[in-house]
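Going by UniProt numbering, the first residue of the sequence shown is number 1, and it counts up by one from there.
Ideal Cβ placement from N, Cα and C applies to all residues, glycine included.
So the structure is just underneath, and the comments pick up after that.
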Amino acid sequence: MKGFKERQNIKTDIKLLDELIIGGIPRDSFILLLGEGGTGKSAILGELCYRFLKRGEPVLYVALDNSPQSVFSDINSLGWDISNFCENGLLRFLDGYSYRMKAEYDEKCITVLKEPDDLPNFTDKLVSIMDEMGMNGRGIVLVDSLTELMTLSDPSQVVESVKNWRARGSKERNTLFVSTIHFGLKAFEGFADVFDYIVDGIIDLRYDPEYMASDVLVKQIRIRKIKGSDHYTNWVNFVIGKNGLKPLIIEEKKKTSNSKKKSNKK
Ligand SMILES: Nc1ncnc2c1ncn2[C@@H]1O[C@H](COP(=O)(O)OP(=O)(O)OP(=O)(O)O)[C@@H](O)[C@H]1O
Ligand SMILES: [Mg+2]
1 MKGFKERQNI KTDIKLLDEL IIGGIPRDSF ILLLGEGGTG KSAILGELCY
51 RFLKRGEPVL YVALDNSPQS VFSDINSLGW DISNFCENGL LRFLDGYSYR
101 MKAEYDEKCI TVLKEPDDLP NFTDKLVSIM DEMGMNGRGI VLVDSLTELM
151 TLSDPSQVVE SVKNWRARGS KERNTLFVST IHFGLKAFEG FADVFDYIVD
201 GIIDLRYDPE YMASDVLVKQ IRIRKIKGSD HYTNWVNFVI GKNGLKPLII
251 EEKKKTSNSK KKSNKK
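So this is what it looks like as structure tokens:
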């Protein structure tokens, strides 16, 4: 059809994610990373940040839970130094955290929002930085986290903002957004369902419930939905450490062969 561009599906360069999302992620998607505290949402965003920068794509990191300095340190602890990318303009921060602190920055790559609860201004700033960075059909916007934004302002207004970011950012500028959201906060319970139907993709993170029953925390990831792509939907165990996300293979105890041996002895 005239005027319609063919959709581009892209790899994340995170091996485990790319193996699960066989068809790649449509570039014009708004994806949610949903999970409990400590399941690895921010670490995955950190790895996406590094992987996109490494292949020369611009990254806009919207920092709400943490200061840009902490994001740097966290990514550094995963084994990657991203400071050069700040200097060469490929990485920028929209900082909705540091208004709480007295410190003033003169780093060009950090734009501090004095009033992050002013959501129309937030959206305008976000879109104008995307344009300054030439984000059209390239790059990624990472948001950590939507939950923090909901604690700062009216959650229904945050839903409205996400609709605007998806329309003006993902669709109009054909740029991937990945945003974290905390699962399990009673105050925002109803909103998880609302986001569910707004967004293009949902990646769930959790602790394996069977292991949790014996007080062992095994992280798991599952691709719940990605519009316009083929993907697996099973839960996969993973760990986070130096060099990011890795699958975790837990050896099953060979009960059957042992019990066979025992029964043979009889
Ligand atoms: N650099 C690292 N080295 C080793 N493990 C790490 C590293 N960074 C994160 N992790 C692992 O990931 C866990 C926390 O991950 P992360 O901060 O990404 O969780 P989160 O889902 O963002 O949590 P929250 O909802 O509290 O923000 C840690 O407890 C640790 O197990
Ligand atoms: Mg986090």
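Residue i: CB within 8 Å of a non-hydrogen atom of ligand 2
{"i": "Asp-144", "result": "yes"}
{"i": "Thr-151", "result": "no"}
{"i": "Asp-204", "result": "no"}
{"i": "Asp-95", "result": "no"}
{"i": "Thr-12", "result": "no"}
Any non-hydrogen atom of ligand 1 within 8 Å of residue i CB
{"i": "Gly-35", "result": "yes"}
{"i": "Gly-40", "result": "yes"}
{"i": "Ser-67", "result": "no"}
{"i": "Asp-81", "result": "no"}
{"i": "Thr-180", "result": "yes"}
{"i": "Ala-187", "result": "no"}
{"i": "Lys-5", "result": "no"}
{"i": "Ala-43", "result": "yes"}
{"i": "Gly-241", "result": "yes"}
{"i": "Leu-78", "result": "yes"}
{"i": "Asp-74", "result": "yes"}
Nonlocal neighbours in the same chain, by C-beta distance under 7 Å from residue i, ignoring five residues either side
{"i": "Pro-155", "result": "Phe-188 and Phe-191"}
{"i": "Glu-47", "result": "Ile-14, Leu-78, Gly-244 and Leu-245"}
{"i": "Arg-206", "result": "Gly-35, Glu-36, Thr-39 and Gln-220"}
{"i": "Cys-109", "result": "Cys-86, Leu-91, Arg-92 and Phe-93"}
{"i": "Ser-257", "result": "Reliability of the predicted coordinates at Ser-257 is poor, the pLDDT of 49 falling under 50, and the value obtained from them is presented with this limitation in mind. Excluding sequence neighbours, Ser-257 sits near nothing in its chain."}
Residues near residue i by beta carbon distance below 6 Å, same chain, minus five either side
{"i": "Leu-248", "result": "Asn-237, Phe-238 and Val-239"}
{"i": "Phe-30", "result": "Arg-166, Ser-170, Phe-177, Val-199 and Asp-200"}
{"i": "Asp-215", "result": "none"}
{"i": "Lys-255", "result": "Reliability fails at Lys-255, whose pLDDT of 48 lies under 50, so the model's placement of it is uncertain and no value is given."}
{"i": "Glu-19", "result": "none"}
{"i": "Lys-11", "result": "Asp-18 and Gly-24"}
{"i": "Gln-157", "result": "Leu-119"}
{"i": "Trp-235", "result": "Gln-220 and Arg-222"}
Own chain partners of residue i with C-beta closer than 8 Å, once the 5 adjacent residues on each side are dropped
{"i": "Ser-161", "result": "Leu-119, Phe-122, Thr-123 and Leu-149"}
{"i": "Asn-66", "result": "Ser-42, Asp-74, Tyr-97 and Asp-144"}
{"i": "Lys-262", "result": "At Lys-262, the pLDDT of 45 sits below 50, so the modelled position is not reliable; the number obtained from the coordinates is stated separately. So no residue of the chain qualifies."}
{"i": "Leu-126", "result": "Leu-60, Val-62, Leu-94, Val-141, Trp-165 and Gly-169"}
{"i": "Tyr-99", "result": "Val-112, Leu-113, Lys-114, Glu-115 and Pro-116"}
{"i": "Met-101", "result": "Ser-67"}
{"i": "Lys-163", "result": "Ile-198"}
{"i": "Tyr-211", "result": "Leu-217 and Val-218"}
8 Å contact criterion, which residue i and residue j should meet: CB distance rounded
{"i": "Asp-204", "j": "Gly-35", "result": "6 Å"}
{"i": "Val-141", "j": "Met-130", "result": "7 Å"}
{"i": "Arg-27", "j": "Gly-137", "result": "7 Å"}
Check whether residue i and residue j have beta carbons under 9 Å apart
{"i": "Leu-90", "j": "Glu-132", "result": "no"}
{"i": "Gly-79", "j": "Lys-246", "result": "no"}
{"i": "Ser-179", "j": "Asn-9", "result": "no"}
{"i": "Tyr-105", "j": "Ile-82", "result": "no"}
{"i": "Val-62", "j": "Phe-85", "result": "no"}
{"i": "Phe-52", "j": "Gly-139", "result": "yes"}
{"i": "Val-194", "j": "Val-218", "result": "no"}
{"i": "Leu-45", "j": "Leu-32", "result": "no"}
{"i": "Ile-202", "j": "Asp-208", "result": "no"}
{"i": "Leu-17", "j": "Leu-152", "result": "no"}
{"i": "Glu-6", "j": "Pro-68", "result": "no"}
How about the stretch 16-24 and the stretch 171-180: do they share at least three Cβ pairs that are nearer than 8 Å?
no
Is there contact between the stretch 143-162 and the stretch 109-123, where contact requires at least three CB pairs shorter than 8 Å?
yes
Does the stretch 61-77 come close enough to the stretch 221-232 to have 3 or more Cβ pairs within less than 8 Å?
no
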